[in-house]
Amino acid sequence: MTSPQQPQPDPAANGTEAQPQPAPGTPPQAPAAPPMPPAAPAVPQAPPAQAAPPAQQPAPEQPAPAAEAGTMMLQAQPAPAPAGEAGTMMLQAQTPGQQPQPAPADRPAPAPAAPPREAGTMMLQAQPMPEPQPLAAHGPGKDAGTMMLQAQPQAPAPAQAPQPYAQVPAAPPAGPAPGAGYVSPIPASPTHLGHALASEWTKIRSVRSTIWTLGVMAVLVLGIGALVATAVSTNESIGATPPLFFGFFGMLLGILCVLPLGVLVVSSEYGTGMIRTTLTACPARGRVLAAKALVFFGLTFVVTTVVTGLVAIMDNALLGDLSRAEVTGAEWLKSTVGVSLYVSFLGLLALAVGSLIRHSAGAITIMIGVVLLPFVLSMFMLTDSLSDLRNFLLGYSIPNQITVMYGSKFPFVDGGPSGWEPLWIVMGIAALALGGAYAVMRQRDV
């Protein structure tokens, strides 16, 4: 489309018809039909203020062919339209091959010989401009102008037959073959007890309860052992009492620190709900219980062996010359390794009780009662009729069994275990408790 802005020479003055000038930079066009005279508009113009709205025009029957020429009517506006308003452009179609005849200047131009084949209306949406400029009008009176549009012949597009939808073969499922089972895309090795042991070791060494309980136990055993040995060393002689026996006083209080740790290894996970995550990662519940027991037993045994070994060396150095008893290798082994094994198995018993009860405070209370209650009850059985029960409770109480592991016994106790028997007793009780905990853990939901 070209928009002439320069005034054209008057055809009446020169006696020649005005030829449309091509715009600069456009390729030469084929010879077009003779232009219409400027004084003979195809459609009578209405006054600017009385322009008919586009909605009253008859609807076009069919679109104009692409190879026909058309005339674009430009209606001059008395004032530039404000930015943002819509405009109307009227397109008048002509019959192909019809030559317009120039009309004399003394009378109005006659109506076209043939009515326009098609008429259309094009709505132009004005764009907001900072300073809109009105279109310069051409033609007589500078009121209206005519712009010639030369249509280029276009080859009709070849009709394309509808293509049937191609049947795309369905892709085979990406899953495993039937009967092959699930195959994880992440490389994984079969799990075993070592993985559970690594997990439990990470737990027990990363919680504060382990440091507090074992730390307090070490301080009590070493501190009380040193104080007792220093106090007894002021005597001239301790008779036939073995010097390693005085480590018993500190270990009796140290047991009260190991038992809560054994309970918390299991019951803390039930209290926080972490046991669900543990059993999800390792559904084999027997493996979980075995890993907890092994990790706790190993850690407790190592720490207790170190502490009892230091106390034994200190007691022998301070009290060895005051005792008439000679300390043998068996007594050294039983006072250090034997006592450590006894305390560790007692901790396993607390672990099993914690797994059965699944409540920290309740399990700790039960274990403290197991350690102290038989000894305390026997103190109130003073009648002769209860002497047998009193001797049994005193002989098999936890304090008396620890004394036997240190190579001595309470002087007011008749009967009871001797030698390594306390260790076998606590081992059997711990094994039975762990078996019950495993059976209940398999049958009970978390």
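Take the sequence shown: its letter number 353 is residue 338 in our numbering, and every next letter is one higher. Note that CB positions come from ideal geometry on N, CA and C, so glycine has one too. In this text, all values refer to a predicted model and were calculated from it rather than measured experimentally.
Can you name, in chain order, every residue of its own chain whose Cβ lies under 8 angstroms from the Cβ of S218, other than the five neighbours on each side?
Counting from 1 along the sequence shown, the entry for residue 218 is found at position 233. Closer than 8 angstroms at the Cβ level, and outside the excluded window around S218, lie L303, L304 and L307.
Starting from W405, trace the alpha helix (DSSP H) both ways and give me its first and last residue.
The residue labelled residue 405 in the question sits at position 420 within the sequence shown. Taken as a continuous stretch (DSSP letters only), W405 belongs to no alpha helix (DSSP H), as it is neither H nor E.
List the whole-angstrom C-beta distance separating G210 from G179, where the pair is believed to meet the contact cut-off of C-beta under 8 angstroms.
As a first step, residue 210 must be located in the sequence shown, where it is residue number 225. As a first step, residue 179 must be located in the sequence shown, where it is residue number 194. So it is not a contact: roughly 37 angstroms between Cβ atoms.
With burial defined as no fewer than 16 other Cβ atoms inside 10 Å of the residue's Cβ, what is the status of G400: buried or exposed?
Working through the sequence shown from its first residue, we reach residue 400 at position 415. Result: exposed.
Nearest-angstrom Cα separation, counted from T226 out to S393
Position 408 of the sequence shown, counted from the start, is the residue given in the question as residue 393. Position 241 of the sequence shown, counted from the start, is the residue given in the question as residue 226. Between S393 and T226, the C-alpha separation is close to 8 angstroms.
Does the structure place the stretch 275 to 294 close enough to the stretch 229 to 247 that three or more beta carbon pairs sit under 8 angstroms?
Judged by Cβ distances under 8 angstroms, the stretch 229 to 247 makes contact with the stretch 275 to 294, as three or more pairs qualify.
Can you tell me the Cα-Cα spacing of M412 and M390, whole angstroms?
Stepping through the sequence shown from its first residue, residue 412 is reached at position 427. Stepping through the sequence shown from its first residue, residue 390 is reached at position 405. A direct Cα-to-Cα measurement between M412 and M390 gives close to 14 angstroms.
Residues of its chain near G421, where Cβ-Cβ distance is below 8 angstroms and the 5 sequence neighbours each way are ignored
Taking the first residue of the sequence shown as position 1, residue 421 is located at position 436. Answer for G421: A337 and L341, listed in chain order.
Using three-state DSSP, classify G224 as helix, strand or coil.
In the sequence shown, the residue the question calls residue 224 occupies position 239. Strand, per DSSP.
Rounded to whole angstroms, how far is the Cβ of E185 from the Cβ of K319, which I believe are closer than 8 angstroms?
Residue 185 sits at position 200 when you count from the first residue of the sequence shown. Residue 319 sits at position 334 when you count from the first residue of the sequence shown. The Cβ separation is near 30 angstroms, so there is no contact.
Restricting to Cα atoms, I'd like to know which of A183, Y255 and M299 is closest to R343.
Translated into positions along the sequence shown, residue 343 becomes position 358. Looking at the Cα atoms, Y255 is the closest of the given residues.
For S382, name the three-state secondary structure that DSSP assigns.
Here residue 382 refers to the residue found at position 397 of the sequence shown. Shown here, S382 sits in coil according to DSSP, grouped into three states, outside any helix or strand.
Q35: buried (16+ other C-beta within 10 angstroms of its C-beta) or exposed?
Start at 1 with the first residue of the sequence shown, and residue 35 comes out as number 50. In this predicted model, Q35 has a pLDDT of only 43, less than 50, meaning its place in the structure is not dependable enough to derive any value.
C-alpha distance - F365 paired with I240, whole-angstrom precision
One-based indexing of the sequence shown puts residue 365 at position 380. One-based indexing of the sequence shown puts residue 240 at position 255. Their backbone Cα atoms lie some 24 angstroms apart in a straight line.
CA-to-CA distance, S253 to L331, given in whole angstroms
Within the sequence shown, numbered from 1, the residue matching residue 331 stands at position 346. Within the sequence shown, numbered from 1, the residue matching residue 253 stands at position 268. Here the C-alpha atom of L331 lies approximately 19 angstroms from the C-alpha atom of S253.
Tell me the residue span of the alpha helix (DSSP H) that contains R272.
Numbered from 1 along the sequence shown, position 287 holds the residue referred to as residue 272. Per DSSP, the unbroken alpha helix (DSSP H) holding R272 starts and ends at R270 to L304.
Bridge partners for S308 per DSSP, in chain order?
The residue given as residue 308 occupies position 323 in the sequence shown. Beta-bridge annotation (DSSP): S308 is paired with G224.
For a quick check, are the C-beta atoms of L264 and V431 less than 7 angstroms apart?
The sequence position of residue 264 within the sequence shown is 279, counting from 1. The sequence position of residue 431 within the sequence shown is 446, counting from 1. Yes.
Nearest candidate by alpha-carbon position, reference A418, set A335, L279 and A346:
Residue 418 sits at position 433 when you count from the first residue of the sequence shown. Each of A335, L279 and A346 was checked against the Cα of A418, and the nearest Cα belongs to A335.
Would you tell me roughly how many angstroms separate the C-alpha atoms of A269 and Q428, rounded to the nearest one?
On the sequence shown, position 284 is the one that residue 269 refers to. On the sequence shown, position 443 is the one that residue 428 refers to. One alpha carbon belongs to A269, the other to Q428, and they sit about 12 angstroms apart.
Under the three-state reduction of DSSP, which class applies to P245: helix, strand or coil?
Residue numbering aside, residue 245 sits at position 260 when the sequence shown is read from its first letter. In this structure, P245 counts as helix in the three-state DSSP scheme.
C-alpha gap between I383 and V248, whole angstroms
Here residue 383 corresponds to residue number 398 of the sequence shown, with the count starting at 1. Here residue 248 corresponds to residue number 263 of the sequence shown, with the count starting at 1. The straight-line gap separating the alpha-carbon atoms of I383 and V248 is approximately 18 angstroms.
Would you check if there are 3 or more beta carbon pairs closer than 8 angstroms linking the stretch 366 to 373 to the stretch 272 to 287?
Flag = no, the stretch 366 to 373 and the stretch 272 to 287 do not touch.
For P259, the first and last residue of its enclosing alpha helix (DSSP H)
As a position in the sequence shown, residue 259 is number 274, starting the count at 1. Note on identity: in this sequence residue 259 is Met, with Pro being the wrong assignment. Counted as a single uninterrupted DSSP element, the alpha helix (DSSP H) harbouring M259 occupies residues M259 to A266.
For the alpha helix (DSSP H) containing F397, name the first residue and the last one.
Sequence index remark: in the sequence shown, residue 397 carries index 412 (1-based). Going by DSSP, F397 is part of no alpha helix (DSSP H) at all; its letter is neither H nor E.
Which first and last residues belong to the alpha helix (DSSP H) in which L367 is found?
For the purposes of this step, residue 367 is taken as the residue at position 382 of the sequence shown. Neither: L367 is in no alpha helix (DSSP H) and is coded neither H nor E.
Beta-carbon separation of I189 and V322 under 7 angstroms?
What you label residue 189 is simply residue 204 of the sequence shown in a count that begins at 1. What you label residue 322 is simply residue 337 of the sequence shown in a count that begins at 1. No.
Distance, L379 Cα to L274 Cα
Translated into positions along the sequence shown, residue 274 becomes position 289. Translated into positions along the sequence shown, residue 379 becomes position 394. Rounded to whole angstroms, L274 to L379 spans 33 angstroms at the Cα level.
Straight-line gap, V328 to N220 (C-alpha atoms, nearest Å)
Within the sequence shown, the letter at position 343 stands for residue 328. Within the sequence shown, the letter at position 235 stands for residue 220. Each residue's Cα considered, the two are about 31 angstroms apart.
Alpha carbon of T215 to alpha carbon of A348, nearest angstrom
Start at 1 with the first residue of the sequence shown, and residue 215 comes out as number 230. Start at 1 with the first residue of the sequence shown, and residue 348 comes out as number 363. About 37 angstroms.
Do you know whose CA, among T198, S222 and G271, lies nearest R309's CA?
Walking along the sequence shown from the start, residue 309 turns up at place 324. Looking at the Cα atoms, S222 is the closest of the given residues.
With a CB to CB cut of under 7 angstroms and the five nearest residues on each side skipped, what residues in its chain are close to L362?
Position 377 of the sequence shown, counted from the first residue, corresponds to residue 362. Result list for L362: L378, in chain order.
Would you kindly work out how many angstroms separate the C-alpha atoms of L326 and V168, rounded to a whole number?
Counted from its first residue, the sequence shown places residue 326 at position 341. Counted from its first residue, the sequence shown places residue 168 at position 183. Each residue's CA atom was taken as its position, placing L326 and V168 some 45 angstroms apart.
Can you tell me whether G354 is helix, strand or coil according to DSSP?
Counted from its first residue, the sequence shown places residue 354 at position 369. If DSSP states are grouped into helix, strand and coil, G354 belongs with the helices.
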